[in-house]
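A.B. asks: I'd like to ask you about the structure that follows.
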Amino acid sequence: MSDPTLGKAVTFKGGGFAPRPRRWVGFVVFVSLILIAEWGTRAGWISALTLPRPSDVLDTFRQLYDSGLLAKHLGPSLSRLLVGAAIGASVGISVGVLIGLFSYIRSGLVPLVAAIFPIPKIALLPLFVIWFGIGEGSKYALIAFGTFTPTVVATYGAVDNVDRTLIRMGQSFGLSWWSIVRKIVLPGAMPGILSGLRISLAIAIILLVAAEMLGAEFGIGAYILEAGSLYDLERLFAGVAILSILGVVMSALIGLIERRMLNWRT
Amino acid sequence: MDIRLDGITHSYDSFEVLRDISLDIPSGQIVCIVGPSGCGKSTLLRFIGGLERPSVGRVLQLGEPPEGCLNPLTYIFQDFALLPWRSVEGNISLVLEDHGIRGTGAREIIDSVLTRTKLSDFAKALPKQLSGGMKQRVAIARALAVNPAVMLMDEPLSALDSQTRELLMDDLVDLWTRQPFTAVYVTHNLAEAVRLGHRVVVLSRRPGQIREVVDIERPLAERGFGDADLDAAQQHLWTLMREEARAADAELINV
Ligand SMILES: Nc1ncnc2c1ncn2[C@@H]1O[C@H](COP(=O)(O)OP(=O)(O)O)[C@@H](O)[C@H]1O
Ligand SMILES: [Mg+2]
Chain A
1 MSDPTLGKAV TFKGGGFAPR PRRWVGFVVF VSLILIAEWG TRAGWISALT
51 LPRPSDVLDT FRQLYDSGLL AKHLGPSLSR LLVGAAIGAS VGISVGVLIG
101 LFSYIRSGLV PLVAAIFPIP KIALLPLFVI WFGIGEGSKY ALIAFGTFTP
151 TVVATYGAVD NVDRTLIRMG QSFGLSWWSI VRKIVLPGAM PGILSGLRIS
201 LAIAIILLVA AEMLGAEFGI GAYILEAGSL YDLERLFAGV AILSILGVVM
251 SALIGLIERR MLNWRT
Chain B
1 MDIRLDGITH SYDSFEVLRD ISLDIPSGQI VCIVGPSGCG KSTLLRFIGG
51 LERPSVGRVL QLGEPPEGCL NPLTYIFQDF ALLPWRSVEG NISLVLEDHG
101 IRGTGAREII DSVLTRTKLS DFAKALPKQL SGGMKQRVAI ARALAVNPAV
151 MLMDEPLSAL DSQTRELLMD DLVDLWTRQP FTAVYVTHNL AEAVRLGHRV
201 VVLSRRPGQI REVVDIERPL AERGFGDADL DAAQQHLWTL MREEARAADA
251 ELINV
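The structure is reproduced here in structure tokens:
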């Protein structure tokens, strides 16, 4: 045997490619960006016209909250978001499943969806106003339409990816068509549908602002647009921060659902 | 209930896979089908199970399935085909739900098949927590739950390591000895065929034709390692298959 102390350790080449959640890192990134902005605006190397001071934004936010205006703006926005996204996502999931299951529907609708997808839905706002009126209807429609297309695409992709041997298994045990869809196809497609929903909901928030451009007295979008037209950067940023928080909350919610519903994944 | 294959020929487009297969599968026996890979064994099993139709010929069911049989022709798949989002008992209740069996009725069946496959302690486990051998035992339990007239097994042990395979073969022999079942067992492993088969059907390379049918008389429970007659049978099967396997292996795959 040779002397083991003479040996050289084998170079480690493994590791990596396996991101794991590190909760606090995201938080640190946020906080340090805000601190840098605060420092810059106070020290003067960021001018007040470039970026509002974070502490001022926070102050504006507090005023908004204290005056009760926050609830007044947030309420209608949330209900628009909820109704619009619920309609868009549920119709999107149903149509996506149908595209995934039936040849004729697939051949008929996939090109249509591809044609609709790249249209900026905001451009259609005047059309929606004519169809659904200036009230809530056109806002629901815009958000629903915007969430519909990405949901469809994600859903039929997810249905395509459901393990065919599981479906054959269901058939060989004589399960009804509806049982196979409900107990095999839908749960199997759930991971893909949920990750599609993440994108759809972010798009829904973007479209919320667009929808509130027209004839909305209250709403986060209306608030931001008003602040923007007055060049009131503090209020603009307060509004934008609310949208960001909304996005983070949505994403966390989906993450929670994923951990609950998809704990079977390896 | 017996199964009769009557002159089955099949082509995918112009690509002939099976030619003139006629075969009887008597009730209470395990019929093994062996043959080189690509000779159409899985295709034949899909015909028997009614998942596909042959271009020519028929699969006949002789006699009625026994009382209490929920799904006469029941599959066991090579890759287990368990729903990963359902627990062990959930996977079994899946195939009962559509027959309206729920609650205590389902509970009784599930408990009984889990006991027979020695899985009682794992009723609540998810498939991702189980080893390959246990997964296949869950699949066997699921098949037993519908009380099949004929079990159709497509290389059920091929995804497992050799020790697990031995254990599961013992389990299958036990199950059969306690309560004989009818099975068509597809494999490319000759040791499995002589261990489990009452009758071994050797297919030629594609297009698959029946080369020979070998009956093995010795009762399943008495078969073990190193039995001279089993070794002889396995040797005989290998001489039949060697040329076919070599030729099949050397063929260009034009798909
Ligand atoms: N659905 C299909 N369409 C076209 N060719 C197929 C299909 N299924 C199987 N085949 C072909 O038929 C031949 C037999 O396949 P298979 O029955 O799976 O063989 P085995 O199970 O004996 O290995 C193979 O060459 C395979 O490529
Ligand atoms: Mg096969």
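For the protein sequence lines, the chains are A and B, in the order given. With the working numbering, the residue at position 198 of the first sequence is 198, and numbering never jumps. With the working numbering, the residue at position 11 of the second sequence is 11, and numbering never jumps. The C-beta atom is built at its ideal place from N, Cα and C for all residues, glycine as well.
Starting from the N-terminal side, write out each stretch of the alpha helix (DSSP H) that is 4 residues or longer and does not extend beyond the region 53-109 of chain A.
C.D. replies: Counting whole runs of 4 or more residues, the region 53-109 of chain A contains the alpha helix (DSSP H) stretches 54-66 and 69-101.
A.B. asks: Take glycine 28 (chain B) and list the residues in its own chain whose beta-carbon comes closer than 7 Å to its own, dropping the five residues that flank it on each side.
C.D. replies: Along the second sequence, one-based indexing puts residue 28 (chain B) at 28. Pro180 and Thr182.
A.B. asks: Do the region 206-220 of chain B and the region 61-80 of chain B make contact, defined as three or more Cβ pairs closer than 8 Å?
C.D. replies: Cβ pair count under 8 Å is below three, so no.
A.B. asks: Answer with yes or no whether the minimum CB distance from aspartate 98 (chain B) to chain A is below 8 Å.
C.D. replies: Position 98 of the second sequence, counted from the start, is the residue given in the question as residue 98 (chain B). At least one chain A Cβ lies under 8 Å of aspartate 98 (chain B).
A.B. asks: Less than 7 Å separating the Cβ of aspartate 154 (chain B) from some heavy atom of ligand 2?
C.D. replies: The residue you call residue 154 (chain B) lines up with position 154 of the second sequence. For ligand 2, at least one heavy atom lies less than 7 Å from the Cβ of aspartate 154 (chain B).
A.B. asks: Just the residues with CB closer than 5 Å to a heavy atom of ligand 3, in chain order, which are they?
C.D. replies: Ligands in the displayed structure: ligand 1 and ligand 2; ligand 3 is not one of them.
A.B. asks: Would you mind giving the Cβ-Cβ distance between leucine 144 (chain B) and arginine 116 (chain B), rounded to the nearest angstrom? I have them listed as a contact below 8 Å.
C.D. replies: Locating residue 144 (chain B) in the second sequence gives position 144, counting from the first residue. Locating residue 116 (chain B) in the second sequence gives position 116, counting from the first residue. Leucine 144 (chain B) to arginine 116 (chain B), Cβ: 6 Å. Contact.
A.B. asks: My understanding is that methionine 169 (chain A) touches phenylalanine 77 (chain B), with C-beta atoms under 8 Å, so please give their C-beta distance in whole angstroms.
C.D. replies: As a first step, residue 169 (chain A) is located in the first sequence; it is residue number 169 there, counting from the start. As a first step, residue 77 (chain B) is located in the second sequence; it is residue number 77 there, counting from the start. Right, the Cβ-Cβ distance comes to about 6 Å (below 8 Å), so this counts as a contact.
A.B. asks: List, in chain order, every chain A residue whose beta-carbon is nearer than 8 Å to that of lysine 124 (chain B).
C.D. replies: Translated into positions along the second sequence, residue 124 (chain B) becomes position 124. Going along chain A, no residue has its Cβ under 8 Å from lysine 124 (chain B), so there is no contact; the nearest lies around 13 Å.
A.B. asks: Which residues bound the beta strand (DSSP E) around tyrosine 185 (chain B)?
C.D. replies: Along the second sequence, one-based indexing puts residue 185 (chain B) at 185. Per DSSP, tyrosine 185 (chain B) belongs to the beta strand (DSSP E) from 182-186.
A.B. asks: Going along the chain, which residues of the region 165-192 of chain A sit with their C-beta nearer than 9 Å to a C-beta in chain B?
C.D. replies: Listed by position along the chain: Thr165, Leu166, Arg168, Met169, Gly170, Gln171, Ser172, Phe173, Gly174, Leu175, Ser176, Ser179, Lys183, Ile184, Pro187, Gly188 and Met190.
A.B. asks: On the DSSP bridge list, what partners appear for cysteine 32 (chain B)?
C.D. replies: Position 32 of the second sequence holds residue 32 (chain B). B:Tyr185 and B:Val200.
A.B. asks: Which value, in whole angstroms, describes the spacing of the CA atoms of valine 91 (chain A) and aspartate 59 (chain A)?
C.D. replies: Your numbering for residue 91 (chain A) matches position 91 in the first sequence. Your numbering for residue 59 (chain A) matches position 59 in the first sequence. Looking at the two C-alpha atoms, the distance is approximately 41 Å.
A.B. asks: For leucine 33 (chain A), which of helix, strand or coil comes out of DSSP?
C.D. replies: By one-based count along the first sequence, residue 33 (chain A) stands at place 33. Three-state DSSP puts leucine 33 (chain A) in a helix.
A.B. asks: Could you check the C-alpha separation between lysine 135 (chain B) and proline 126 (chain A) for me, to the nearest Å?
C.D. replies: In the second sequence, residue 135 (chain B) corresponds to position 135, counting from 1. In the first sequence, residue 126 (chain A) corresponds to position 126, counting from 1. Answer to the nearest angstrom: the Cα atoms are 58 Å apart.
A.B. asks: Does threonine 74 (chain B) come within less than 8 Å of chain A when only Cβ atoms are used?
C.D. replies: Numbered from its first residue, the second sequence carries residue 74 (chain B) at position 74. Taking Cβ atoms only, chain A reaches closer than 8 Å to threonine 74 (chain B), which makes this a yes.
A.B. asks: Hey, valine 186 (chain B) and methionine 153 (chain B): beta-carbon distance below 8 Å or not?
C.D. replies: Position 186 of the second sequence holds residue 186 (chain B). Position 153 of the second sequence holds residue 153 (chain B). Yes. Within cutoff.
A.B. asks: What's the gap between the Cα of isoleucine 87 (chain A) and the Cα of isoleucine 34 (chain A)?
C.D. replies: Along the first sequence, one-based indexing puts residue 87 (chain A) at 87. Along the first sequence, one-based indexing puts residue 34 (chain A) at 34. Cα to Cα, isoleucine 87 (chain A) sits roughly 36 Å from isoleucine 34 (chain A).
A.B. asks: Using a C-beta cutoff of 8 Å, does tryptophan 131 (chain A) count as contacting chain B?
C.D. replies: The sequence position of residue 131 (chain A) within the first sequence is 131, counting from 1. Not one chain B Cβ lies under 8 Å of tryptophan 131 (chain A).
A.B. asks: Please confirm if the region 148-157 of chain A is in contact with the region 106-122 of chain A, defined as three or more CB-CB distances below 8 Å between the two stretches.
C.D. replies: With a cut-off of 8 Å, the region 106-122 of chain A and the region 148-157 of chain A count as touching, because enough Cβ pairs lie within range.
A.B. asks: Using C-beta distances below 8 Å, list every residue in its chain close to leucine 262 (chain A), excluding the 5 sequence neighbours before and after it, in chain order.
C.D. replies: The count along the first sequence starts at 1 and reaches residue 262 (chain A) at position 262. Met190, Pro191 and Leu194.
A.B. asks: Determine, for valine 88 (chain B), whether the minimum Cβ-Cβ distance to residues of chain A falls below 8 Å.
C.D. replies: Reading the second sequence from its first residue, position 88 is the one you call residue 88 (chain B). No, because no Cβ of chain A sits closer than 8 Å to the Cβ of valine 88 (chain B).
A.B. asks: Who are the neighbours of glycine 49 (chain B) on chain A, taking C-beta pairs under 7 Å?
C.D. replies: Within the second sequence, numbered from 1, the residue matching residue 49 (chain B) stands at position 49. By Cβ distance, chain A contributes Ser172.
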